[in-house]
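Protein chains in written order, with my numbering: chain E, 1 to 129; chain S, 1 to 129. Notes for the one structure printed next.
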DNA sequence: CAAACTGTATTAAGAATAATAGTACACTTA
DNA sequence: TAAGTGTACTATTATTCTTAATACAGTTTG
């Protein structure tokens, strides 16, 4: 279900958050569908349950999921589906531009920073890094 | 001269590398211009000289600068100037597309990952993260 | 009801990395 | 010669992520 990079600088709980976000937004995980329990997923991924719970807590804060004690964690149905075809088209255009930027000598790092700055300027302060 | 984010997950030596790269590529630092000494810059930024040296070493490995014992560290003139106008135009187009992607519900994280994957697929394995 | 499952919380310890501190050596320049 | 340069090395501190081991409250199921 997941591929985690244990050697990344990015914490695995944060990788989990991102992966699950994608699965939810793209409706691989359906609205109100139950997520694996913290202990089950921990066993599957052979990582500590606390790490899973940290990810779930973060996802709940960002209202991607909701959790009910004794029952489980579920996909928040408010998260509306994206227009995937449109997104694919945009990504295709994006890739062309990015490659052009690379060709012009713009570094990956500079590009990433640029993207992040677009983000924060339009949506308010986000996570550090 | 620099703005460092001491609270970022990104190490400050790595932030230094990126900032200096930009200054060099954009020729804010001219070819063969001498960089501040490790001790001077450390004092200015109130960080440890070892951290500066780590950044300089990395920049030398990536051949953005060259260092001569007893003399100093200098900008490698091989680093050619970029076409800044062209880059600005590309960035402008890029910003529009990125905002469109945001509007479609693509997360910043997903976008950053997408950019990074373009990079690695076209230029071989880079740094983790 | 009882057992087994859920989420949640807490404390402690381990591991890894970044950053600092301090010192030293070789080289260049004024 | 003195001061400034890059470079190297060890040790220590600090931070963060992860694990470990419990514990408690609620739900579900036999």
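For each residue, glycine too, the CB sits at the ideal point set by N, CA and C.
Contact of residue 101 of chain S with chain E is assigned, a C-beta pair being separated by under 8 Å. The stretch 16-24 of chain S and the stretch 40-57 of chain S touch, with three or more beta-carbon pairs separated by less than 8 Å. Looking at the DSSP output, residue 70 of chain E bridges to nothing. Within the DSSP bridge table, the entry for residue 75 of chain S names S/65 as partners. Unbroken alpha helix (DSSP H) stretches of 4 residues or longer found wholly inside the stretch 29-68 of chain E: 38-45, 49-61, given in chain order.
For residue 4 of chain S, there is no enclosing alpha helix (DSSP H), as DSSP marks it with neither H nor E. Taken through DSSP and simplified to helix, strand or coil, residue 27 of chain E comes out as coil. In the three-state reduction of the DSSP assignment, residue 104 of chain E falls in the coil class, being assigned neither a helical nor a strand state.
Annotated as proximal: residue 66 of chain E and residue 76 of chain E, with beta-carbon spacing under 8 Å. Interface with chain E (8 Å Cβ-Cβ cutoff): residue 97 of chain S is included. Residue contact with chain E for residue 20 of chain S: absent (no Cβ-Cβ distance below 8 Å to any residue of chain E). At a C-beta separation below 7 Å, residue 107 of chain E has these neighbours in chain S: 21.
Taking 8 Å as the upper bound on Cβ-Cβ separation, chain E lies near no residue of the stretch 49-70 of chain S. Residue-level contact by beta carbon holds for residue 86 of chain S and chain E, with a gap shorter than 8 Å. The beta carbon of residue 27 of chain E does not come within 8 Å of any beta carbon belonging to chain S, so the residue lies off that interface. Sequence-distant partners of residue 72 of chain S (beyond 5 residues in either direction) whose C-beta falls short of 8 Å from its own C-beta, in its chain, are 34, 35, 37.
Look at residue 47 of chain E: its C-beta is not under 8 Å from any C-beta on chain S. Under the criterion of beta carbons closer than 8 Å, residue 90 of chain S and residue 104 of chain E qualify as touching, at roughly 7 Å.
Contact annotation: residue 108 of chain E and residue 116 of chain S have beta-carbon atoms nearer than 8 Å. Minimum Cα-Cα distance from residue 14 of chain E among the listed residues E/32, E/62, E/30 corresponds to E/62. Taking the CA atoms as reference points, residue 84 of chain E sits about 24 Å from residue 114 of chain E.
Judged by DSSP in its simplified three-state form, residue 10 of chain S adopts coil rather than helix or strand. The C-alpha of residue 26 of chain E is placed about 28 Å away from the C-alpha of residue 92 of chain S.
By the neighbour-count definition (other C-beta atoms within 10 Å, threshold 16), residue 64 of chain E is a buried residue. Looking from the CA of residue 1 of chain S, the closest CA among S/7, S/48, S/40 belongs to S/40.
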